[in-house]
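Below is one structure, written out as structure tokens; comments come after it.
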Amino acid sequence: MKKKQAKKKNLSKKKKISEVDAFRNIEKKVPSLTPKSKQSSGIPKYVADRMARRIFFTAGIPTIMGMSVFVISYIIVTRNIAEIPPSSTIAISALFFLLGLGGLSFGILSASWDIEPGSFFGIENIPLNIERAKAAFKPASQNFDEKK
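Residues 234 to 381 (the numbering used here) make up the sequence shown, in order.
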């Protein structure tokens, strides 16, 4: 019984470190994880903004229309304007959602990576951006093929 009490006394006799000193020591011991040279391989901000605008128009508007089909259909049916089958409401809504999904891909792939914006539709940038996407995944697939 006395041994247990002695251990408790030893624990309480340890030197207490203030919180300020503890955090100061942590900051000294942890090496910096940020690389010294800023070499970014990400998407530039002006390209990301251009993609976001294209995505808003090509994917956002059809998606909003896909959701509004349910509301419009509900209003038409509840006010006895016309009898709309539920299957046609779902089919029209699904068509708008698929159009939005295609618009999402189009908005990303049609954005120009040049500082100056490209054409209005950006169709000429699609093949170039597909090649860039393939090149981004190529090193990973090469490593995978070597292991086989």
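For each residue, glycine too, the CB sits at the ideal point set by N, CA and C. As the structure is a prediction and not an experimental result, all values here were calculated from the model.
Here's a check: name, in chain order, each residue in its chain whose Cβ is nearer than 6 Å to the Cβ of residue i, leaving out the five neighbours to either side.
| i | result |
| --- | --- |
| S320 | none |
| I341 | M284 |
| T311 | none |
| G333 | A292, P295, T296 |
| A315 | I309 |
| K371 | none |
Pick out whichever of the options has its Cα sitting closest to the Cα of residue i.
| i | options | result |
| --- | --- | --- |
| I276 | V302, T296, W346, N313 | W346 |
| T296 | I314, F290, F303, F330 | F330 |
| G335 | V280, S306, F290, E316 | F290 |
| D325 | F370, R365, M298 | It is Ile, not Asp, that sits at residue 325 in the sequence shown. For the residues F370, R365, M298, the minimum Cα distance to I325 belongs to M298. |
| L328 | E316, K367, M300, A315 | M300 |
| V280 | E364, N358, K371, A368 | N358 |
Under the three-state reduction of DSSP, which class applies to residue i: helix, strand or coil?
| i | result |
| --- | --- |
| F290 | helix |
| R365 | helix |
| A315 | coil |
| I348 | coil |
| S343 | coil |
Should residue i go down as buried or exposed, given a rule of 16 or more other Cβ atoms within 10 Å for buried?
| i | result |
| --- | --- |
| F339 | buried |
| S306 | buried |
| V302 | buried |
Only counting the same chain, and skipping five residues up and downstream in sequence, which positions put a Cβ closer than 8 Å to that of residue i?
| i | result |
| --- | --- |
| R287 | F339, G340, I341, S343, A344, G355 |
| N362 | I341, L342, S343, A344, W346 |
| L337 | I288, T291, A292 |
| T322 | V302, F303, S306 |
| I212 | Because the chain is modelled from 234 through 381, residue 212 falls outside the range shown and cannot be assessed. |
Skipping 5 residues on each side, what residues in its chain have a beta carbon closer than 7 Å to that of residue i?
| i | result |
| --- | --- |
| P350 | R283 |
Compare the C-beta of residue i with all C-beta atoms of chain D and state if any pair is closer than 8 Å.
| i | result |
| --- | --- |
| A368 | The displayed structure is made up of one protein chain only, and chain D is not part of it. |
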